[in-house]
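S.K.:
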Amino acid sequence: MTMLNYSLVLTKTFVKKISKLHHNLMHFNLFQEKEYEKSEMLLHVALKAAQDLEDEQSVTYIFDILANLALQLGDHRKAEELFRSVLQRHAAAGGDVYGNVFVALSLKLAQCYLARGAVEEAIRGYHYCIAAQTQIKKLMELLLPTVKKEKVTSDEGADEDTRVLYAMSLEQYARLLHSIGRYELARTHLQEALGVCVSINGPHHLQTAVLKNDIGSLYAQEKRYQEAAEEIEEAIAAVRRVISNEAGEVAQGNPPAPRKLNVIPDPRQPSAATNLATYLINLGTVELLRGRREAARRSCEEGVKLARGAGDGETQREAQSCLDAVKRAAKQAQEQAASV
Numbered sequence: 001m002t003m004l005n006y007s008l009v010l011t012k013t014f015v016k017k018i019s020k021l022h023h024n025l026m027h028f029n030l031f032q033e034k035e036y037e038k039s040e041m042l043l044h045v046a047l048k049a050a051q052d053l054e055d056e057q058s059v060t061y062i063f064d065i066l067a068n069l070a071l072q073l074g075d076h077r078k079a080e081e082l083f084r085s086v087l088q089r090h091a092a093a094g095g096d097v098y099g100n101v102f103v104a105l106s107l108k109l110a111q112c113y114l115a116r117g118a119v120e121e122a123i124r125g126y127h128y129c130i131a132a133q134t135q136i137k138k139l140m141e142l143l144l145p146t147v148k149k150e151k152v153t154s155d156e157g158a159d160e161d162t163r164v165l166y167a168m169s170l171e172q173y174a175r176l177l178h179s180i181g182r183y184e185l186a187r188t189h190l191q192e193a194l195g196v197c198v199s200i201n202g203p204h205h206l207q208t209a210v211l212k213n214d215i216g217s218l219y220a221q222e223k224r225y226q227e228a229a230e231e232i233e234e235a236i237a238a239v240r241r242v243i244s245n246e247a248g249e250v251a252q253g254n255p256p257a258p259r260k261l262n263v264i265p266d267p268r269q270p271s272a273a274t275n276l277a278t279y280l281i282n283l284g285t286v287e288l289l290r291g292r293r294e295a296a297r298r299s300c301e302e303g304v305k306l307a308r309g310a311g312d313g314e315t316q317r318e319a320q321s322c323l324d325a326v327k328r329a330a331k332q333a334q335e336q337a338a339s340v
């Protein structure tokens with residue numbers, strides 16, 4: 001075997017190992033320092049071999065994995081530099097600047113910008129991602145004239161990955177808007193994301209519930225408590241349906257399929273029970289603001305029980321705080337009635 005052929009085999013072997021390790025890191029909770037060091041060692045050895053062979057595609061792939069690992073571990077500066085390199089390499093290779101690869105990378109770059117407080121750069125990044133998906137919609141309308149010219153949320157011409165990325169762009173931008181107090185604009189973007197989510201996942205899905213709860217929270221920020229309660233109640237109903245369906249699958253001997261809330265699943269995402277507890281707490285808070293103390297108490301009590309059953313101490317404390325607020329409100333009402 002020649003040295004060149006040996007290097008080629010070595011590169012392919014390492015890329016295979018890296019791919020397997022990356023899969024484990026992304027889909028299971030293996031983000032300990034030891035695993036990260038092991039992955040970096042493999043990545044840098046494979047990177048050197050790929051560079052020696054001038055295998056640009058493998059180099060880009062390895063940079064992308066390194067960037068994702070840095071992002072998952074919270075090293076946003078390093079992730080930003082690596083994602084920039086991947087974008088530049090993708091562009092140099094003739095990649096479509098309105099394609100899904102560019103949008104996915106730009107979304108991650110926007111996350112990095114926001115993490116270091118560069119809000120204006122993050123806003124520009126999200127604007128690009130949303131505009132890119134709009135450009136794809138227009139292209140699909142030209143290529144597929146039979147597709148009705150409706151919103152992207154119901155555009156059957158766009159493939160699922162494109163629609164998911166569009167929804168993610170809207171959702172992440174909405175969270176940025178929420179953080180700077182632009183509640184109405186944030187809600188508008190979340191409602192658009194919800195339309196996409198429902199078109200892909202249906203009304204009874206955890207991600208649908210996440211968006212409905214967030215929309216309800218924004219209504220509450222706007223002091224529109226009736227709409228807030230309605231949205232959060234729908235989120236609660238969706239999660240209850242998910243839990244019921246999963247229980248039915250388990251009873252029949254069929255383990256539930258892994259949940260996919262995003263393009264890259266996060267193994268640290270909360271359980272359905274924890275989500276339900278959180279939404280009940282939110283509903284309790286809104287009901288209290290509406291002056292419906294008994295409804296608030298029921299929601300918060302159920303939230304406490306669910307959080308305790310899920311072993312989620314933080315959510316349990318939030319639920320208890322909600323109950324304490326209900327008790328204080330009841331006491332104040334009694335004192336006011338007695339003073340009249």
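Numbering (UniProt numbering), first residue to last: 1 to 340.
Where a beta carbon is used, it is the ideal one built from N, C-alpha and C, also for glycine.
1) Considering only residues of the same chain and omitting the five flanking positions on each side of SER271, which have a CB-CB separation below 7 Å?
2) Measuring straight from C-alpha to C-alpha, what distance separates LEU283 and GLU230?
3) How would you label GLU120, buried or exposed, when you count the other beta carbons within 10 angstroms and need 16 or more for buried?
4) State the DSSP-derived secondary structure class of SER85, mapped to helix, strand or coil.
5) I think ALA307 touches ALA333, with their Cβ atoms under 8 Å apart; what is that distance to the nearest whole Å?
6) Ordered along the chain, which non-local residues of its own chain (more than five positions away) have a Cβ less than 8 Å from that of LEU261?
7) Judging by CA-CA distance, which residue of HIS76, VAL239, ASP159 is the nearest neighbour of GLY117?
8) For the putative contact between CYS129 and VAL103, defined by C-beta atoms under 8 Å, what is the C-beta separation to the nearest angstrom?
9) Cα-Cα, which of TYR166, GLU294, LEU289 is closest to TYR219?
10) Grouping DSSP H, G and I as helix and E and B as strand, with all else coil, what is HIS76?
11) Report buried or exposed for LYS331, applying the criterion of at least 16 other Cβ atoms within 10 angstroms of its Cβ.
12) Using CA atoms only, rank isn't needed, just tell me which of LEU42, ARG240, ARG187, GLU301 is closest to GLU227.
13) Check whether the Cβ atoms of TYR279 and ILE232 sit closer than 8 Å, and answer yes or no.
14) Rounded to a whole number of angstroms, what is the C-alpha to C-alpha distance between ALA110 and GLY125?
15) Express the C-alpha separation of ALA174 and SER122 in angstroms, rounding to a whole number.
16) Exposed or buried, what is MET168 when buried is set at 16 or more other beta-carbons lying within 10 Å of its beta-carbon?
17) What's the gap between the Cα of LEU177 and the Cα of ARG328?
18) Less than 8 Å between the C-beta atoms of LEU87 and ALA79, yes or no?
19) Would you identify the three-state DSSP class for ASP214, choosing helix, strand or coil?
20) Once DSSP output is grouped into helix, strand and coil, what is the label at VAL45?
21) With DSSP collapsed to three states, give me the class of PHE31.
22) Measure the CB-CB distance between LEU165 and GLN133 and report whether it falls below 8 Å.
23) Let me make sure I understand the geometry here. Which of ALA273, TYR183, TYR113 has the alpha-carbon closest to that of SER244?
24) So, for ALA235: in the same chain, excluding its five sequence neighbours on each side, which residues have a beta-carbon less than 6 Å away from its beta-carbon?
25) For the alpha helix (DSSP H) containing GLU335, name the first residue and the last one.
26) Do VAL304 and GLN316 have their CB atoms nearer than 8 Å?
27) Of the choices ASP312, HIS90, ALA50, ARG293, whose alpha-carbon is the least far from that of ASN275?
28) What does a CB cutoff of less than 8 Å around LEU190 pick up in its chain, not counting 5 residues either side in sequence?
29) Buried or exposed for GLU184, please, with buried defined as at least 16 other CB atoms from any protein chain shown within 10 angstroms of its CB.
30) Does the distance from the CB of LEU42 to the CB of VAL59 come in under 8 Å?
31) Distance check for PHE63 and PHE83, CA to CA, integer angstroms please.
32) Quick check on ALA91: does DSSP put it in helix, strand or coil?
33) Could you give the distance in angstroms between the alpha-carbon of ASP324 and the alpha-carbon of ALA131?
M.R.: The answer reads as follows:
1) Numbered from its first residue, the sequence shown carries residue 271 at position 271. Around SER271: ALA310.
2) One-based indexing of the sequence shown puts residue 283 at position 283. One-based indexing of the sequence shown puts residue 230 at position 230. Spanning the two alpha carbons is a distance of roughly 9 Å.
3) Counting from one through the sequence shown, the residue named residue 120 turns up at place 120. Looking at its Cβ environment, which holds fewer than 16 other Cβ atoms inside 10 Å, GLU120 is exposed.
4) Position 85 of the sequence shown, counted from the first residue, corresponds to residue 85. SER85: helix per DSSP, three-state reduction.
5) Working through the sequence shown from its first residue, we reach residue 307 at position 307. Working through the sequence shown from its first residue, we reach residue 333 at position 333. No, ALA307 and ALA333 are not in contact; Cβ-Cβ is about 27 Å, not under 8 Å.
6) As a working mapping, residue 261 is identified with position 261 in the sequence shown. Low confidence applies to LEU261: its pLDDT is 40, below 50, so where it sits in the model is not reliable enough to give any reading.
7) Working through the sequence shown from its first residue, we reach residue 117 at position 117. Closest option to GLY117, Cα to Cα, is HIS76.
8) If you number the sequence shown from 1, residue 129 lands on position 129. If you number the sequence shown from 1, residue 103 lands on position 103. Their Cβ separation, rounded to whole angstroms, is 5 Å, which keeps CYS129 and VAL103 in contact under 8 Å.
9) Here residue 219 refers to the residue found at position 219 when the sequence shown is read from its first residue. Answer by Cα proximity: LEU289.
10) In the sequence shown, the residue the question calls residue 76 occupies position 76. Looking at HIS76 - three-state DSSP - the assignment turns out to be helix.
11) Walking along the sequence shown from the start, residue 331 turns up at place 331. LYS331 is exposed by the Cβ-count criterion.
12) Residue numbering aside, residue 227 sits at position 227 when the sequence shown is read from its first letter. Here the closest residue by C-alpha is ARG187.
13) Here residue 279 corresponds to residue number 279 of the sequence shown, with the count starting at 1. Here residue 232 corresponds to residue number 232 of the sequence shown, with the count starting at 1. Closer than 8 Å, so yes.
14) Along the sequence shown, one-based indexing puts residue 110 at 110. Along the sequence shown, one-based indexing puts residue 125 at 125. Between ALA110 and GLY125, the C-alpha separation is close to 5 Å.
15) Within the sequence shown, the letter at position 122 stands for residue 122. Within the sequence shown, the letter at position 174 stands for residue 174. The amino acid at residue 122 is misidentified as Ser; the sequence shows Ala. Using only the alpha carbons, I get a separation of about 12 Å.
16) Here residue 168 refers to the residue found at position 168 when the sequence shown is read from its first residue. Result: buried.
17) For the purposes of this step, residue 177 is taken as residue 177 along the sequence shown, with counting starting at 1. For the purposes of this step, residue 328 is taken as residue 328 along the sequence shown, with counting starting at 1. The alpha-carbon atoms of LEU177 and ARG328 are separated by roughly 33 Å.
18) If you number the sequence shown from 1, residue 87 lands on position 87. If you number the sequence shown from 1, residue 79 lands on position 79. Not a contact, by the Cβ cut-off of 8 Å.
19) As a first step, residue 214 is located in the sequence shown; it is residue number 214 there, counting from the start. Three-state DSSP puts ASP214 in a helix.
20) Along the sequence shown, read from residue 1 onward, the residue named residue 45 stands at position 45. Helix, per DSSP.
21) For the purposes of this step, residue 31 is taken as residue 31 along the sequence shown, with counting starting at 1. Summary for PHE31: the model assigns pLDDT 42, below 50, so the residue's position carries little reliability; its value from the coordinates is reported in the next sentence. If DSSP states are grouped into helix, strand and coil, PHE31 belongs with coil.
22) One-based indexing of the sequence shown puts residue 165 at position 165. One-based indexing of the sequence shown puts residue 133 at position 133. Yes, the pair counts as a contact, with Cβ atoms nearer than the cut-off.
23) One-based indexing of the sequence shown puts residue 244 at position 244. Minimum Cα distance to SER244 is reached at ALA273.
24) As a first step, residue 235 must be located in the sequence shown, where it is residue number 235. Closer than 6 Å at the Cβ level, and outside the excluded window around ALA235, lie ALA209, LYS212, ASN213, TYR279.
25) Looking up residue 335 in the sequence shown gives position 335. Taken as a continuous stretch (DSSP letters only), the alpha helix (DSSP H) holding GLU335 covers 313 to 339.
26) Taking the first residue of the sequence shown as 1, we reach residue 304 at position 304. Taking the first residue of the sequence shown as 1, we reach residue 316 at position 316. Yes, they are a contact pair.
27) Here residue 275 corresponds to residue number 275 of the sequence shown, with the count starting at 1. Selected option, being the one with the closest Cα: ASP312.
28) Against the sequence shown, residue 190 aligns to sequence position 190. Answer for LEU190: LEU170, GLU171, ALA174, LEU211, ASP214, ILE215, LEU218, listed in chain order.
29) Taking the first residue of the sequence shown as 1, we reach residue 184 at position 184. Per the 10 Å Cβ criterion, exposed.
30) Locating residue 42 in the sequence shown gives position 42, counting from the first residue. Locating residue 59 in the sequence shown gives position 59, counting from the first residue. Not a contact, by the Cβ cut-off of 8 Å.
31) One-based indexing of the sequence shown puts residue 83 at position 83. One-based indexing of the sequence shown puts residue 63 at position 63. Distance between the alpha carbons of PHE83 and PHE63 is about 8 Å.
32) Counted from its first residue, the sequence shown places residue 91 at position 91. Helix at ALA91.
33) Residue 324 sits at position 324 when you count from the first residue of the sequence shown. Residue 131 sits at position 131 when you count from the first residue of the sequence shown. Going by the C-alpha atoms only, they are around 46 Å apart.
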